[in-house]
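Just below is one structure, and these are the notes that go with it.
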Amino acid sequence: MAKANIVQALADCLETMRQGLDLNVALERYPEYSAQLKALMEVASLIRPLAEDVEPSPAMRESIWARLLELQDEPAPSFFHAGGEAPEAH
Amino acid sequence: MLKLDLRRVDDEHLLVERAIERDAEAFGELYDMHVVRIYRHIYYLVNSISEAEDLTAQTFLQAWEVMDRYEDRGVPFASWLLRIAHNLAISYLRSRREGNQLHDGLMDHDSFRNPEKVTERQADGERVKQAILQLGHEQRQVIILRFVEDLEYREVAEIVGKSVAAVRVIQHRALCTLRKMMKAESVSAKG
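Sequences listed follow chains A and B, in order.
Residue numbers for the first sequence follow the numbering used here, so the first one is 7 and each next one is one higher.
Residue numbers for the second sequence follow the numbering used here, so the first one is 2 and each next one is one higher.
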């Protein structure tokens, strides 16, 4: 089997991390890249929590909805909900 | 759990079908399901709250206008929306010089931070966030889709219009760039 390059090795390790499996097992498969992979995985692990950091508030969601209604240039019947109310947040 | 997920997929499928038939209420529900993801994705591309709001609105407006072109061929509806968002954000970025509004973005991003989510990882998180915002569009896009949106390579490739192999290469380059930026920033902070 052809030796994996660092791009493939990284993709494999990231998929292992994504699935919540043991990262050490994945890293052991690529001893030649171990140090580089560890450093890159560390950066990747810092990125994932950012999803929670940027989240529009309910007010902002309504504001986007209002902007959407403003952008709508179609004549009546009115776009989406009558009165332009945002749908309820779930 | 699986049952719930399947129900969600099923519900979404029905909503999409209704929206294609110009059912505005169904489209409103789709908006509610996806607005957070679309907004977040755009925000990380344009680095401005006001532009992210505007472009998110434009994304849904455009989606509504071309709903009849959506075909369920195994590509999730979210990926279709993200592709529209991607195209709008890239057009926007091309229309202005990158960096002109960086200051605005850095100035106002704290206004929507949820204080309850501040943890001891805040400093590292902030550093990596600022580093991401300095990446080129292509690398930034792949990083956000892969790590923030948690999409599969196939989905990322579909959205950015590249092959899976190319996405993996971009991902590697982007992580190397981020590492270098963070290392440099760390050295400069110490010095």
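Glycine included, every Cβ here is placed at the ideal spot set by N, Cα and C.
**Prompt:** Taking the C-alpha atoms as reference points, what is the distance between Lys179 (chain B) and His14 (chain B)?
**Reply:** As written in the sequence, residue 179 (chain B) is Leu, which differs from the Lys given in the question. In a straight line, the C-alpha of Leu179 (chain B) is about 38 Å away from that of His14 (chain B).
**Item:** Cβ neighbours of Arg169 (chain B) in the same chain (closer than 8 Å, five flanking residues each side left out)
**Value:** Annotation for Arg169 (chain B): Tyr154 place their beta carbon closer than 8 Å to its own, counting only its chain and skipping 5 residues before and after.
**Asked** Listing by chain order, which chain B residues have their CB less than 8 Å from the CB of Arg35 (chain A)?
**Response** Neighbours of Arg35 (chain A) across chain B, judged by C-beta separation under 8 Å, do not exist; the nearest C-beta is about 16 Å away.
**Asked** Between Ile21 (chain B) and Ala86 (chain B), which are expected to be in contact by the criterion C-beta below 8 Å, what is the C-beta distance as a whole number of angstroms?
**Response** Rounded, the Cβ-Cβ distance is 19 Å, inconsistent with contact.
**Item:** Residues of the stretch 14–45 of chain A with Cβ closer than 8 Å to any Cβ of chain B, in chain order
**Value:** Answer set for the stretch 14–45 of chain A: Gln14, Leu16, Ala17, Leu20, Arg24, Ala45.
**3-residue-minimum beta strand (DSSP E) runs that sit fully inside the stretch 17–46 of chain B, ordered along the chain** = Listed in chain order, nothing qualifies, since the stretch 17–46 of chain B has no complete beta strand (DSSP E) run of 3 or more residues.
**Item:** Buried or exposed by the 16-neighbour rule on C-beta atoms within 10 Å, applied to Ala32 (chain A)
**Value:** In summary, Ala32 (chain A) is buried, with 16 or more beta-carbon neighbours lying within 10 Å of its beta-carbon over all protein chains present.
**Asked** For Leu16 (chain B) versus Glu30 (chain B), is the C-beta distance shorter than 9 Å?
**Response** Yes, these two residues count as a Cβ contact at 9 Å.
**Asked** DSSP state of Pro64 (chain A), grouped into three classes?
**Response** Note: Pro64 (chain A) maps to helix in three-state DSSP.
**Straight-line gap, Val143 (chain B) to Ala53 (chain B) (C-alpha atoms, nearest Å)** = Answer to the nearest angstrom: the Cα atoms are 18 Å apart.
**Request:** Measuring only between beta-carbons, confirm whether Arg74 (chain B) sits less than 9 Å from chain A.
**Result:** With respect to chain A, the C-beta atom of Arg74 (chain B) has no partner C-beta closer than 9 Å.
**Request:** Go through its chain and collect everything with a Cβ distance to Phe61 (chain B)'s Cβ below 7 Å, but skip five positions before and after it.
**Result:** Within the same chain, Phe61 (chain B) has close Cβ partners Tyr32.
**Request:** For the stretch 13–29 of chain A and the stretch 40–56 of chain A, state whether three or more C-beta atom pairs, one from each stretch, are separated by less than 8 Å.
**Result:** Under the 8 Å Cβ criterion, the stretch 13–29 of chain A counts as touching the stretch 40–56 of chain A, having at least three qualifying pairs.
**Prompt:** Looking only at C-alpha atoms, which of B:Gln140, B:Cys177, B:Ile145 sits nearest to Arg54 (chain A)?
**Reply:** Ranking the options by Cα distance to Arg54 (chain A), first place goes to B:Ile145.
**Prompt:** Val170 (chain B) by DSSP, collapsed to three states: which one?
**Reply:** Val170 (chain B) falls in the helix class under three-state DSSP.
**Request:** With DSSP as the reference, label Leu152 (chain B) as helix, strand or coil.
**Result:** Coil.
**Any chain B beta carbon closer than 9 Å to Ala57 (chain A)** = Interface residue, yes.
**For Lys44 (chain A), the first and last residue of its enclosing alpha helix (DSSP H)** = Where Lys44 (chain A) is concerned, the enclosing alpha helix (DSSP H) starts and stops at 40–53.
**Item:** chain A contact residues for Ile144 (chain B), given Cβ-Cβ distances below 8 Å
**Value:** Result: Ile53.
**Asked** Do Val157 (chain B) and Leu52 (chain A) have their C-beta atoms closer together than 9 Å?
**Response** Contact: no.
**Prompt:** Based on Cα-Cα distance, which residue from B:Glu159, B:Arg141, B:Asp151 lies nearest to His173 (chain B)?
**Reply:** Considering only B:Glu159, B:Arg141, B:Asp151, the residue with the shortest C-alpha distance to His173 (chain B) is B:Arg141.
**Request:** Indicate whether Ala50 (chain A) and Arg35 (chain A) have their beta-carbon atoms separated by less than 9 Å.
**Result:** No, Cβ-Cβ distance for Ala50 (chain A) and Arg35 (chain A) is not below 9 Å.
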